[in-house]
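Have a look at the structure below before the remarks.
Residue numbers (our numbering): 1162 to 1300.
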């Protein structure tokens, strides 16, 4: 069996004294450091989660604004494209109408010139015919 001798209590007192000293000098500061590090880590994780959710919210806002800007750009593009097509169509119609009018005037002028030339030629033909008849009869 175990014998309890006079040194047992001295060793027990030394052990308890060493335990108290080490607890005050070594264990408590380390435990406090571990607790602070754990609190800092948890705080950093919570802050990172908050920043991540804030980032997600900002990205959602940016995406919404970008989609809105794309929609406005698409609407503006379509409106300007339609306006350009309308302007092109109206310019083409005006040009075609002008070309038709020029063509009509040219035909009218040509017809007038043709009639005038025919009238002039008719009088010349009559004059030439009379001269030919006079030359044939008088010859």
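Quick reminder that beta carbons are idealized off the backbone N, C-alpha and C, glycines included.
All figures in this text were calculated on a predicted structure; none of them were measured in a lab.
Going by C-alpha positions, residue 1251 is about 26 Å away from residue 1233. DSSP, read as helix, strand or coil, puts residue 1165 in coil.
Judged by DSSP secondary structure, residue 1184 falls outside any alpha helix (DSSP H); it is assigned neither H nor E. Residue 1169 has its alpha-carbon roughly 50 Å from the corresponding atom of residue 1205. Only residues of its own chain outside the window of five on either side were considered, and among them none has a CB closer than 6 Å to the CB of residue 1175. Each residue's CA atom was taken as its position, placing residue 1226 and residue 1219 some 10 Å apart.
When the Cα atoms are used, residue 1203 and residue 1237 turn out to be separated by approximately 50 Å.
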